[in-house]
Amino acid sequence: MYDDILLATDGTIASENATAHAVGLASLHDAMLHAIFVVDSDVYSAYSGDEYVDEREGPEHGLEEVGEDALAEVRTRAANHDVEVIEELRHGHPHEEIVEYADENDIDLIVLGTRRHPEEYRSLLGSVTDRVVRLADQAVTVVKTEV
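UniProt numbering applies: residue 1 is where the sequence shown begins, and numbers increase by one.
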């Protein structure tokens, strides 16, 4: 049923259950697991970085390290279930990059985690998960995490 599954991770607790779910599905369906972490360009472009002399010390580099750690965690969990993983670290708007990657790679299912946010947060900022659900042509599974 699924040949290619895309897990979008942000390295937070909301991604833990989604990772377990995606790895389990990939194992069950003998599918290729794709894992993506998107460094949100809005986060680092909004910061002036005046005290940073070396670009590698700025917030973009820190977010890349978070992404590399998140992808390493997916790789480890997948290896424990004999699931092969293709990893992707991108820069941009997370919802756009996730949907674009899914389209480019003939993804059958997108798996994302989410956690409950206060109504004010959602109405002000929205969520990556909400946007992916609305924009993706693929099936999307949302795995909720109680925090």
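All C-beta atoms in this analysis are idealised placements derived from N, C-alpha and C, irrespective of residue type, glycine included.
Separation of residue j from residue i, as counted between CA atoms
{"i": "residue 20", "j": "residue 36", "result": "15 Å"}
{"i": "residue 127", "j": "residue 76", "result": "27 Å"}
{"i": "residue 107", "j": "residue 141", "result": "13 Å"}
{"i": "residue 68", "j": "residue 89", "result": "8 Å"}
{"i": "residue 104", "j": "residue 41", "result": "21 Å"}
{"i": "residue 101", "j": "residue 110", "result": "10 Å"}
{"i": "residue 62", "j": "residue 11", "result": "13 Å"}
{"i": "residue 2", "j": "residue 134", "result": "21 Å"}
{"i": "residue 150", "j": "residue 81", "result": "There is simply no residue 150 to check, as the chain begins at 1 and stops at 147 in what is shown."}
Host beta strand (DSSP E) of residue i (start-end)
{"i": "residue 34", "result": "32-40"}
{"i": "residue 136", "result": "Run containing residue 136: none; DSSP gives neither H nor E here."}
{"i": "residue 114", "result": "109-115"}
{"i": "residue 4", "result": "4-8"}
Boundaries (first-last residue) of the alpha helix (DSSP H) holding residue i
{"i": "residue 29", "result": "13-29"}
{"i": "residue 100", "result": "94-104"}
Beta bridge counterpart(s) of residue i as assigned by DSSP
{"i": "residue 86", "result": "34"}
{"i": "residue 128", "result": "In the DSSP output, where bridge partners are listed per residue, residue 128 has none listed."}
Check whether residue i and residue j have beta carbons under 8 Å apart
{"i": "residue 70", "j": "residue 15", "result": "yes"}
{"i": "residue 33", "j": "residue 78", "result": "yes"}
{"i": "residue 38", "j": "residue 98", "result": "yes"}
{"i": "residue 92", "j": "residue 17", "result": "no"}
Exposure of residue i, with buried meaning 16 or more beta-carbon neighbours within 10 Å
{"i": "residue 65", "result": "exposed"}
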